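Notes follow the structure.
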Ligand SMILES: *Cc1c(COP(=O)(O)O)cnc(C)c1O
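Residue numbers (my numbering): 245 to 649.
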């Protein structure tokens with residue numbers, strides 16, 4: 245009934261050699277129960293949104309309470325303003341923010357806004373970064389695509405892609421020459437400030453700073469896609485942690501507390517160009533949905549407590565330290581990737597050994613541990629993953645990869 249059996253391709257688990265997907269039945273904290281009765285320690289956490297783990301009580305209660313008052317109005321609500329306040333206070337670049345329903349929609353809208361505000365068409369993106377599945381971003385392999393080994397998607401018009409310039413991540417010289425060539429028509433540089441869709445790949449020294457300078461010099465807008473990093477690597481995202489402030493920021497995943505909500509925001513003068521205050525059109529029937537807004541608020545309010553990030557940092561460090569003997573581990577805050585068996589660092593998109601990763605994935609499943617069914621993803625420690633889960637995972641990885649101890 246459903247193409248490939250799934251509503252998003254990576255869930256099919258073909259790239260890790262499974263012939264059918266896992267079916268989730270319920271989750272609690274760090275754990276996921278499957279329809280065939282397995283209980284798995286879950287490091288995917290819905291691909292990142294669940295910073296407090298599955299079925300977090302406060303989130304569930306907030307959604308229940310909101311639902312009892314009505315599931316959608318298509319009219320403004322006070323909770324949307326409250327959520328906007330949380331985002332503006334947390335994220336350095338965001339003076340004004342609009343809520344949408346998915347990261348794809350947020351990135352697509354931010355690009356249209358950047359194009360409308362600059363009256364230019366071109367955009368620079370980076371191989372291995374993912375900004376959702378809107379046409380202009382499918383010029384390079386993203387997470388789902390890289391996994392399936394398709395260079396780009398049929399159905400994306402070549403005319404749309406003609407304005408997308410794909411550079412190598414962490415390659416300052418490459419971007420500088422692209423800006424030199426296309427700078428006059430350049431609307432924006434889109435980047436994951438810590439890449440999370442080619443494995444966790446941090447920016448090397450000076451990369452983000454160079455993008456900032458190149459944008460300033462050319463009049464293009466710098467757009468950080470913080471759909472993963474937002475509220476994860478710090479409350480204010482990578483821009484707070486790394487001290488580089490973009491013009492626009494794309495948010496998703498954690499901001500919606502596990503419900504379909506995402507956002508884009510930034511400089512007030514740029515955001516003011518959105519309809520109805522400006523002429524750049526963007527809209528959504530379910531935007532700022534009350535259930536999703538309630539979930540996001542219940543999460544974001546708790547992130548004001550510095551204990552959250554101290555703990556996430558400590559747990560991620562424990563996991564990273566435990567995994568270090570098994571390959572290259574790259575981590576920034578509560579996102580990390582083990583590149584099994586690898587000795588050198590990963591600084592830009594690299595094809596990863598799918599067979600080796602598939603064997604690790606299947607082996608860990610046998611030990612009751614669920615990692616992303618793709619080598620191009622991160623482990624997402626949450627506040628629900630305690631030392632017991634971390635240590636059991638490290639031991640299982642060692643066992644599966646054939647390390648004694
Ligand atoms: C997940 C993701 C998106 C897309 O978000 P969806 O809600 O899946 O549409 C965009 N950018 C990044 C960096 C992501 O990781």
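Every residue, glycine too, gets a C-beta built ideally from N, C-alpha and C. In this text, all values refer to a predicted model and were calculated from it rather than measured experimentally.
Coarse secondary structure for residue 352, derived from DSSP in three states: helix
Where does residue 370 sit, in a helix, a strand or coil, going by DSSP? strand
In chain order, which continuous runs of the beta strand (DSSP E) of length 3 or greater are located wholly inside the stretch 497-535? 506-510
Pick out whichever of 247, 495, 405, 300 has its Cα sitting closest to the Cα of residue 335. 495
Ligand 1 heavy atom lying under 6 Å from the CB of residue 614: no
Going by beta carbon distance, what residues of the same chain come within less than 8 Å of residue 444, once the five residues before and after it are set aside? 438, 574, 575, 576, 579, 580, 581, 622
Among 491, 405, 366, the one whose alpha carbon lies nearest that of residue 422: 366
My output table needs one value for residue 634: the three-state DSSP class, helix, strand or coil. helix
Could you check if residue 379 belongs to the surroundings of ligand 1, using beta carbon to heavy atom distance under 6 Å? no
Check whether the stretch 395-414 touches the stretch 324-335, counting contact only when three or more Cβ pairs, one atom from each stretch, lie closer than 8 Å. no
DSSP three-state assignment for residue 405, whether helix, strand or coil: helix
Helix, strand or coil at residue 413 [DSSP, three-state]: coil
Given residue 560, which residues of its chain have a CB within under 7 Å of its CB, disregarding the five upstream and five downstream residues? 575, 577, 578, 580, 625
Distance, residue 591 Cα to residue 371 Cα: 11 Å
For ligand 1, is there a heavy atom less than 6 Å away from the beta-carbon of residue 510? no
Hey, how far is the Cα of residue 247 from the Cα of residue 255? 12 Å
Taking 6 Å as the cut-off, is the CB of residue 348 close to at least one heavy atom of ligand 1? Flag set: Cβ of residue 348 near ligand 1.
Residue burial classification, residue 223 (beta-carbon count within 10 angstroms, cutoff 16): Here the chain covers residues 245 to 649 and nothing more, so residue 223 does not appear.
Are the Cβ atoms of residue 470 and residue 493 separated by less than 7 Å? yes
If you draw a straight line from the C-alpha of residue 596 to the C-alpha of residue 317, how long is it? 46 Å
With distances taken Cα to Cα, identify the nearest neighbour of residue 325 among 534, 614, 296. 534
Helix, strand or coil: how does DSSP classify residue 652 here? Since the first and last residues shown for the chain are 245 and 649, residue 652 lies out of range.
Which residues mark the beginning and the end of the beta strand (DSSP E) in which residue 565 is found? Unbroken run through residue 565 is the alpha helix (DSSP H), 550-567; no beta strand (DSSP E).
Can you find a heavy atom of ligand 1 that lies under 6 Å from the Cβ of residue 260? no
At a cut of 8 Å, does the stretch 471-487 reach the stretch 626-640 through at least three beta carbon pairs? no
Residue 644 (DSSP reduced to helix, strand or coil): helix
Going by alpha carbons, who is nearest to residue 549 out of 364, 330, 420? Out of 364, 330, 420, the CA that lies nearest to the CA of residue 549 is found in 330.
Reduced DSSP category for residue 392 - H, G, I as helix; E, B as strand; rest coil: Interpretation of residue 392 is limited by its pLDDT of 33, a score under 50 that renders its predicted location unreliable; the figure taken from the coordinates is listed afterwards. Reduced to three states, the DSSP call for residue 392 is helix.
Once the 5 residues before and after residue 311 are set aside, which same chain residues still bring their CB inside 7 Å of it? Close CB contacts of residue 311 within its chain, under the 7 Å cut and outside five residues either way in sequence, are with 535 (chain order).
Just the C-alpha distance for residue 387 and residue 520, rounded to the nearest angstrom, thanks. Here residue 387 scores only 41 on pLDDT, less than 50, and its place in the model is too uncertain to base an answer on.
Using a Cβ-Cβ cutoff of less than 6 Å, which residues in the same chain neighbour residue 562 once the five nearest sequence positions on both sides are dropped? 634
Which one of 285, 293, 270 has the shortest CA to CA distance from residue 477? 293
Classify residue 278 as helix, strand or coil using the three-state DSSP reduction. strand
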